[in-house]
Amino acid sequence: MKKQQIFTIVLLITLIAGCSSSKQQTKSAERSTSEARSKNDAPAYKIAVVDLMILKRQKLGAFQLTKEIGADGVEVDMGGLGQRETFNNQLANDSIRQVFLNKAKELDLEIPSLAMTGFYAQSFPERPTAVKAVQDCINTMKQMNVKVAFLPLGIKGDLVKYPELRPAVVERLKAVGKMAEEAGVVIGIETALSATEEVKLLNDIGSPAIQIYFNFANPLQGGRDLYKEMAILGKDRIIQIHCTNKDSVWLQNDPQINMNRVKLTLQKMGWKGWLVIERSRDATDPRNVKKNFSANTAYMKSIFQQ
Numbered sequence: 001m002k003k004q005q006i007f008t009i010v011l012l013i014t015l016i017a018g019c020s021s022s023k024q025q026t027k028s029a030e031r032s033t034s035e036a037r038s039k040n041d042a043p044a045y046k047i048a049v050v051d052l053m054i055l056k057r058q059k060l061g062a063f064q065l066t067k068e069i070g071a072d073g074v075e076v077d078m079g080g081l082g083q084r085e086t087f088n089n090q091l092a093n094d095s096i097r098q099v100f101l102n103k104a105k106e107l108d109l110e111i112p113s114l115a116m117t118g119f120y121a122q123s124f125p126e127r128p129t130a131v132k133a134v135q136d137c138i139n140t141m142k143q144m145n146v147k148v149a150f151l152p153l154g155i156k157g158d159l160v161k162y163p164e165l166r167p168a169v170v171e172r173l174k175a176v177g178k179m180a181e182e183a184g185v186v187i188g189i190e191t192a193l194s195a196t197e198e199v200k201l202l203n204d205i206g207s208p209a210i211q212i213y214f215n216f217a218n219p220l221q222g223g224r225d226l227y228k229e230m231a232i233l234g235k236d237r238i239i240q241i242h243c244t245n246k247d248s249v250w251l252q253n254d255p256q257i258n259m260n261r262v263k264l265t266l267q268k269m270g271w272k273g274w275l276v277i278e279r280s281r282d283a284t285d286p287r288n289v290k291k292n293f294s295a296n297t298a299y300m301k302s303i304f305q306q
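Here the sequence shown is numbered in UniProt numbering, starting from 1 and rising by one per residue.
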């Protein structure tokens, strides 16, 4: 073969390889752009409901009902606590847990958080097995790839009524914070304190894995300014929000909440995340789950996803 022919063949091979590489790079860039657009298209605010409050506490049927309500996800409870050492948590069973995860995937629903509502009527700072119960929740979070858990300090952990319990609360939350950090999850606590006092509490705990699970009802029932309280906490201290008031009227009819102002406040803070509907049921028909939660979900989506 002549040198000229060899040169021509080599040149052609080089050109073909170059075109192939260019096409691959173009496809890769297009894929990255598509992924970026997909992320950008995701709503800044997603709406969930609480399985306990739709009367489906840790029941598989919560997912289908959530879908019918129109929410994006459901906060799943860890089960009752009572006098047990830990939660009555059926999700500790591998096969049951997988059924729950499969159902969520089938219905295109997310599980933004697990909830330790069993602590509402318990004393987190005094109960001997409290930290163990939270560890069990963290274990379930890891198994389900859920990054947030809700921990109410509860009636007996109310630091306004029982300030003497504060050292014990701080000590235990420091221990919980270490466990959560190791697991790569966040525990969102609900307290009866003002936002200013919650900032002090978080500073004393000193863990990025312990944040505030903000509840609209707390400042509203405590006579504090809802919007200022959120701003005081700021975007890096609020992990998630229970976006409802006491049971009385639907959110759209609640004179205590200007939801457009809530949205503006959150936008100014730079906060994005899950807004979880807990209460704000029509007091004249409180057990009509689908009616109450569908109305509140539709309203929240009209404000936060338009």
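No residue lacks a Cβ here, since even glycine has one placed at the ideal position from N, Cα and C.
Membership of Phe63 in the alpha helix (DSSP H) is indicated by the continuous run 61-69. Using a Cβ distance threshold of 8 Å, Cys243 and Leu193 do not count as a contacting pair. The continuous alpha helix (DSSP H) containing Ala175 extends over residues 166-183. Here DSSP, grouped into helix, strand and coil, assigns Ser207 to coil.
With contacts defined by Cβ atoms closer than 8 Å, Leu220 and Asn260 do not form a contacting pair.
Of the candidates Ala217, Val160, Phe87, Val160 places its Cα closest to the Cα of Glu197. Of the candidates Ala149, Pro125, Glu126, the residue whose Cα lies closest to the Cα of Asp136 is Ala149.
The three-state reading of DSSP puts Gln240 in strand, counting E and B together. Residue state for Val146 is assigned as coil, using DSSP reduced to three classes.
In terms of Cβ geometry, Ala71 and Val50 do not form a close pair [threshold 8 Å].
Gln267 is classed as exposed because its beta carbon has fewer than 16 other beta carbons within 10 Å across all chains shown. The DSSP-derived three-state label of Leu275 is strand. Of all C-beta pairs linking the segment 162-170 to the segment 116-129, three or more are shorter than 8 Å, placing the two stretches in contact. Classified as buried, Thr297 has 16 or more neighbouring CB atoms from the shown chains inside 10 Å of its CB. Put simply, of Asn88, Ile96, Asp254, Glu182 the residue whose alpha carbon is nearest the alpha carbon of Pro208 is Glu182. Asn88 is bridged by DSSP to nothing; it lacks a bridge partner. The beta carbon of Asn215 sits closer than 6 Å to those of Glu190, His242, all from its chain and outside the five residues before and after it, given in chain order. In this structure, the straight-line span from the alpha carbon of Gln252 to that of Ile138 is close to 35 Å.
Judged by DSSP in its simplified three-state form, Leu151 adopts strand.
Counting C-beta pairs closer than 8 Å gives three or more between the segment 283-300 and the segment 59-73, which meets the contact rule.
DSSP, reduced to helix, strand and coil, places Ile303 within a helical segment of the structure shown. Shortest Cα-Cα distance from Asp285 to any of Ser248, Gly82, Ile277 involves Ser248. Contact check for Ile210 against Val176 passes: the beta carbons are separated by less than 8 Å. Judged by DSSP secondary structure, Val186 falls within the beta strand (DSSP E) whose first and last residues are 186-190. Here Ile54 is actually not in contact with Lys301; their C-beta atoms are around 17 Å apart, not less than 8 Å.
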